[in-house]
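Chains as they are written, first to last, in the working numbering: chain A, 311 to 495; chain B, 1276 to 1438.
C-beta atoms are modelled at their ideal positions from N, C-alpha and C, and glycine is treated no differently.
Since we're looking at a predicted model, the values are computed, not measured.
I have placed the structure first, in the form of structure tokens, so that the comments after it can refer back to it.
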């Protein structure tokens, strides 16, 4: 049974192929720490089989110790414990504290707090609720989906008559007194 | 002069990356434009509203050409997914904005969303919509403390100059 596994990322596959090629050709120093890659014979001896023992032992022992030292990757480590005073200076430096906001003001309509460049949350919630009720009335009038009208719309509250400007507009009635903040044009 | 495009640097790029890709970004913006034309006021994340604003205003500019224009009709057909809104665009919005030279939308920031993401939200609306106004224009009144003090100071200065 032949199982074909296709890697989902062609770029990753190309990268892996390139890395493997470099490893095979020995063009990637530092991966095996200066030693030869592990897929060849560990000791390939060419020449006479009988070699003087002393020279061999000296060569091998001298070769092993420096290779161990070379293969370790040196990394930085702190030399001294940082005292709590130094730590406090670093942690409580003004650049690390939370910035205080100086753009908070009082909404002139309702008196709640608001940011200067943002709408007041309370006033917006009021307007949002009223628009929701108006949209419910519109939905009732339209009846179904995709019935957008081809004329303008005007919202009238209790006891209001359409003016001359409202000629030909669709009228949406709301069964309550007009709120003070919704000025009729 | 740099002639190649570097993918990691985005200096001078104006369009945001929204959604799952370029097609998805256009679909997102198309849905938002359709919703804006239908409801005339929508509440969405600020980045999406800002992206969508340019497209909505250009669509209205196309609609002002009139519905006999072939390009205008094709644009409206692409951008409005609900086809009854094409009639609304050409018959209601185009005449409403005919006297205005530009800027048919208003973008205002709202307090951050209540959910876990606390996203920066905005409300975008077409000007001249029939819904209640979001912001009440304030006129400077003479009865505020600062204005009264300034008036008193001006009177004192005039008396000092007269005498």
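Spatial distance of residue i from residue j (CA atoms)
i, j, result
"residue 1408 (chain B)", "residue 492 (chain A)", "7 Å"
"residue 1387 (chain B)", "residue 1282 (chain B)", "32 Å"
"residue 400 (chain A)", "residue 393 (chain A)", "11 Å"
"residue 1314 (chain B)", "residue 1358 (chain B)", "15 Å"
"residue 441 (chain A)", "residue 458 (chain A)", "17 Å"
"residue 426 (chain A)", "residue 1423 (chain B)", "25 Å"
"residue 449 (chain A)", "residue 439 (chain A)", "15 Å"
"residue 417 (chain A)", "residue 396 (chain A)", "44 Å"
"residue 1369 (chain B)", "residue 325 (chain A)", "56 Å"
"residue 1287 (chain B)", "residue 1330 (chain B)", "19 Å"
"residue 349 (chain A)", "residue 328 (chain A)", "18 Å"
"residue 464 (chain A)", "residue 1300 (chain B)", "34 Å"
"residue 454 (chain A)", "residue 1298 (chain B)", "30 Å"
"residue 1419 (chain B)", "residue 1429 (chain B)", "16 Å"
"residue 1310 (chain B)", "residue 456 (chain A)", "12 Å"
"residue 1380 (chain B)", "residue 424 (chain A)", "23 Å"
"residue 486 (chain A)", "residue 468 (chain A)", "6 Å"
"residue 333 (chain A)", "residue 386 (chain A)", "28 Å"
"residue 404 (chain A)", "residue 338 (chain A)", "47 Å"
"residue 1350 (chain B)", "residue 479 (chain A)", "27 Å"
"residue 1285 (chain B)", "residue 1291 (chain B)", "10 Å"
"residue 1438 (chain B)", "residue 1427 (chain B)", "17 Å"
"residue 410 (chain A)", "residue 1295 (chain B)", "36 Å"
"residue 1347 (chain B)", "residue 1389 (chain B)", "39 Å"
"residue 1374 (chain B)", "residue 1341 (chain B)", "14 Å"
"residue 391 (chain A)", "residue 413 (chain A)", "42 Å"
"residue 1436 (chain B)", "residue 472 (chain A)", "56 Å"
"residue 321 (chain A)", "residue 330 (chain A)", "14 Å"
"residue 1365 (chain B)", "residue 437 (chain A)", "28 Å"
Of the listed residues the options, nearest to residue i (C-alpha basis)
i, options, result
"residue 477 (chain A)", "A:340, A:461 and A:339", "A:461"
"residue 421 (chain A)", "A:433, A:410 and A:412", "A:433"
"residue 466 (chain A)", "A:328, A:409, A:482 and A:424", "A:482"
"residue 1338 (chain B)", "B:1300, B:1310, B:1367 and B:1316", "B:1367"
"residue 435 (chain A)", "B:1403, B:1400, B:1413 and B:1385", "B:1385"
"residue 407 (chain A)", "A:454, A:321, A:414 and A:398", "A:398"
"residue 1377 (chain B)", "B:1401, B:1383, B:1279 and B:1325", "B:1401"
"residue 1325 (chain B)", "B:1383, B:1410, B:1436 and B:1343", "B:1383"
"residue 342 (chain A)", "A:471, A:322, A:411 and A:383", "A:383"
"residue 474 (chain A)", "A:489, A:495 and A:456", "A:495"
"residue 444 (chain A)", "A:409, A:330, A:489 and A:413", "A:489"
"residue 381 (chain A)", "A:437, A:345 and A:391", "A:345"
"residue 1328 (chain B)", "B:1340, B:1343, B:1278 and B:1399", "B:1399"
"residue 1404 (chain B)", "B:1389, B:1371 and B:1416", "B:1371"
"residue 429 (chain A)", "B:1410, B:1417 and B:1295", "B:1410"
"residue 1363 (chain B)", "B:1416, B:1312, B:1406 and B:1413", "B:1312"
"residue 1413 (chain B)", "A:470, A:447, A:419 and A:446", "A:419"
Minimum Cβ-Cβ distance from residue i to chain A less than 7 Å
i, result
"residue 1362 (chain B)", "yes"
"residue 1367 (chain B)", "yes"
"residue 1320 (chain B)", "no"
"residue 1449 (chain B)", "One cannot answer for residue 1449 (chain B) here, as it falls past the ends of chain B, which runs 1276 to 1438."
"residue 1401 (chain B)", "no"
Residue-level contact to chain B via CB, residue i, 7 Å cutoff
i, result
"residue 465 (chain A)", "yes"
"residue 428 (chain A)", "yes"
"residue 437 (chain A)", "yes"
"residue 432 (chain A)", "no"
"residue 460 (chain A)", "yes"
"residue 440 (chain A)", "yes"
"residue 342 (chain A)", "no"
Partners in chain B for residue i, counting only beta-carbon separations shorter than 7 Å
i, result
"residue 382 (chain A)", "Neighbours of residue 382 (chain A) on chain B: none; closest Cβ ~34 Å, over 7 Å."
Proximal residues of chain A, C-beta to C-beta of residue i below 8 Å
i, result
"residue 1384 (chain B)", "427, 428 and 429"
"residue 1374 (chain B)", "Going along chain A, no residue has its Cβ under 8 Å from residue 1374 (chain B), so there is no contact; the nearest lies around 15 Å."
Proximal residues of chain A, C-beta to C-beta of residue i below 7 Å
i, result
"residue 1357 (chain B)", "456"
"residue 1313 (chain B)", "458"
"residue 1316 (chain B)", "441"
Under 9 Å from the C-beta of residue i: neighbouring residues of chain B
i, result
"residue 444 (chain A)", "1405, 1406 and 1407"
"residue 491 (chain A)", "1407, 1408 and 1411"
Under 8 Å from the C-beta of residue i: neighbouring residues of chain B
i, result
"residue 419 (chain A)", "1411"
"residue 330 (chain A)", "Chain B residues near residue 330 (chain A): none, gap ~26 Å exceeds 8 Å."
Subject >> the segment 1389-1403 of chain B contacting the segment 1304-1320 of chain B, beta-carbon criterion three pairs below 8 Å >> reply: Touching, yes, given that three or more Cβ pairs across the two stretches are closer than 8 Å.
Original post:
Touching or not, the segment 1413-1430 of chain B and the segment 1329-1343 of chain B, by the rule of three or more beta carbon pairs under 8 Å?
Top reply: The count of Cβ pairs closer than 8 Å, one atom from the segment 1413-1430 of chain B and one from the segment 1329-1343 of chain B, stays below three, leaving the stretches out of contact.
**OP:** Could you tell me whether the segment 1346-1365 of chain B touches the segment 1304-1311 of chain B, using the rule of 3 or more Cβ pairs below 8 Å?
**Re:** Yes, the segment 1346-1365 of chain B touches the segment 1304-1311 of chain B.
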